[in-house]
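Per the numbering used here, the very first residue in the sequence shown carries number 4; after that it's consecutive. A virtual CB, placed ideally from N, CA and C, is assigned to each residue, including glycine. The model shown is predicted, which means the values in this text are computed figures rather than measured ones.
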Amino acid sequence: MRIDTDTEAPATARLRGPVILFMSVAAALGTSTIYPMQPAIADVADTLGTQITAVGITLACGPIGYMVGLGLLVPLVDRFAPGRVLAAQFGILACALAASAAVGTVTLLGPVVGLVGACSAVGAALSSVAGRLAPPQRRATVLGMVTAGISVGILAGRTLGGWLADELGWRGMLLVFAAACGLVAVCCLVALPTAPGNTERGYLSTLRSLPGLFVHHAILRVAALRGFLWYFAFCAVWAGIAVALSEPPYSYSAERIGLYALAGLSGILATQIAGARTDRDGARRVILVGLVLAGPAAAVAGFGLANTFVTLVCLAVFDAGLFAAQVANQSTVLALDPCAPARFNSAYMLVYFVGGSLGTAFGATAVAWFGWPATALITAAAIGVAAMITVFARVTPVGAAPDDIRYVQQSATRRPPGGPSDHQEGPRYQSSGTSAGPG
């Protein structure tokens, strides 16, 4: 049953203060679990008696599993009690991490890492819960807090994993992460709602509906396309700069290159500011500001690599701009159906993650093909295209800030006979056309 205005208040009240903080911490931990083995790849290879390349291929099962989790696990929080679903996922994540610490061959490690990757999609599930239970006027603010946790997880996973691996060994490091996930699993039962979800769709029906969401919702198409472009650029920059700094004339060590990632801390603050500004000024304005900051920063970084200070400033502005755009963009997706946003978030994040995967592959090879300056300019161009789409796309979500919206009357004549109902496809929107692209 869909919750109405009267029944929404108790649920939203549970997303204040300590609960939001817990969701942010849980998102950070869940997201981080896909990364901690990467700094210890050489130690894992030595322990298992195999080549580093074999372990590298095995660790690639993590991102593959993550995509599976986005498609299959995230929609569960719409149908079932979020507290129980996430408690189960964190519990399985704890068991999978413990199993990873116990494996004796690289062949067994692959499937377990894939399971860890699938369950690490809890961050996307938590952002869906935030979108459903937060008060509409604070949805982007709460989403910004949860996204800040995800940002911390991306940064801390490798850093904390490398430190713990040095102190305890890679097996001990995984056991620490497993224990933390077990503790969070118990806390989910206490802190998060244990009432059933608000959708009448069956689970298989929800999964079948994901591709159709892009057909019926121009807002989702626009959001996914521009998110694809800037996450492609984000991953291409970070993969490309690592390659550029590892080669002459720099020839930096992996540890020194890793310190450049500290510039990404700016994104954590940006997510929280962007959430509040989105609730106040509207998503479109925040997205444009973020992209206008990120595009030139990427271009300047392409020609300022010899100057460490300039490079770090550019990376900080680049990360802050794209993280801010992501919060605002994702808030428009979650607002499409506030009572059951997880399937929209799942569809959006799948496209978003594909963009990042292609960006990583592109950035790692483009430096060798074209050089770092050309690689940076290509990523800046991708961000520019995303900005143009934002400027010219004529789709606006109902319920957005005044500068984003053209209100429409809620009447039955808005949908053709036999078309999808509001209950099935979420709030209505007004569009000047069905095209997801500019104009």
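Arg174 and Thr162 have their C-alpha atoms some 16 Å from each other.
A residue is called buried when at least 16 other Cβ atoms come within 10 angstroms of its Cβ; Gly205 does not meet this threshold and is exposed.
Here Leu24 is exposed: its Cβ has fewer than 16 other Cβ atoms, across all protein chains shown, within 10 Å. Cβ contact annotation for Gly113 (same chain, cutoff 7 Å, sequence separation greater than five): Thr61, Cys64, in chain order.
Contact holds between the region 372-384 and the region 237-247, because three or more Cβ pairs, one in each stretch, are under 8 Å apart.
Ile55 counts as exposed, since fewer than 16 other C-beta atoms from the protein chains shown sit within 10 angstroms of its C-beta. For Tyr255, there is no enclosing alpha helix (DSSP H), as DSSP gives it neither H nor E. With 16 or more neighbouring CB atoms inside 10 Å of its own CB, Thr274 falls in the buried class. Pairing Thr36 with Ile157 gives a Cβ-Cβ distance that is not under 8 Å. Here Gly160 is near Pro39, since their CB atoms are less than 8 Å apart. Assignment of Cys122 by DSSP, reduced to helix, strand and coil, places it in the helix class.
Nearest to Phe231 by alpha-carbon distance, out of Phe395, Ala266, Gly362, is Gly362.
Exposed is the label assigned to Val394, since fewer than 16 other Cβ atoms lie within 10 Å of its Cβ. Contact holds between the region 331-343 and the region 135-147, because three or more Cβ pairs, one in each stretch, are under 8 Å apart. In the three-state reduction of the DSSP assignment, Ile222 falls in the helix class. Positions of the beta strand (DSSP E) runs, each at least 3 residues long and wholly inside the region 293-341, cannot be given because no such run exists. Nearest to Ala143 by alpha-carbon distance, out of Val303, Pro66, Gly267, Gln333, is Gln333. Here the region 110-125 does not lie against the region 204-218, with fewer than 3 beta-carbon pairs under 8 Å apart. The residue from Gly307, Leu325, Gly270 with its alpha-carbon nearest to that of Val295 is Leu325. Looking from the CA of Ala300, the closest CA among Ala367, Ala151, Ala266 belongs to Ala266. With contacts defined as CB atoms closer than 8 Å, Ala45 and Val77 fail to qualify as a contacting pair.
Between the C-alpha atoms of Ala367 and Val246 there is a straight-line separation of about 6 Å. Separation of the CB atoms of Gly68 and Gly117 is rounded to 4 Å, and the pair is thereby assigned contact status at 8 Å. With contacts defined as CB atoms closer than 8 Å, Ala99 and Val119 qualify as a contacting pair. A Cβ-Cβ contact shorter than 8 Å links Val225 with Ala396. Annotated as proximal: Val187 and Phe93, with beta-carbon spacing under 8 Å. The C-alpha of Ala385 lies about 28 Å from the C-alpha of Arg283. In the three-state reduction of the DSSP assignment, Gln54 falls in the coil class. For Val388, the closest alpha carbon among the candidates Leu79, Phe235, Ala57 is that of Phe235. If you draw a straight line from the Cα of Ala181 to the Cα of Ile392, it comes to about 42 Å.
For a cut-off of 8 Å, the C-beta gap from Ala31 to Ile153 is around 7 Å, short enough to register as a contact. About 5 Å separates the beta carbon of Ser27 from that of Val149, a gap short enough to meet the 8 Å contact definition. The criterion of a C-beta distance shorter than 8 Å is satisfied by Ala168 and Pro42. Here the alpha carbons of Ala90 and Cys190 stand approximately 8 Å from one another.
By the neighbour-count definition (other C-beta atoms within 10 Å, threshold 16), Trp233 is a buried residue.
Within the model, the alpha-carbon separation for Met176 versus Ala183 is close to 11 Å.
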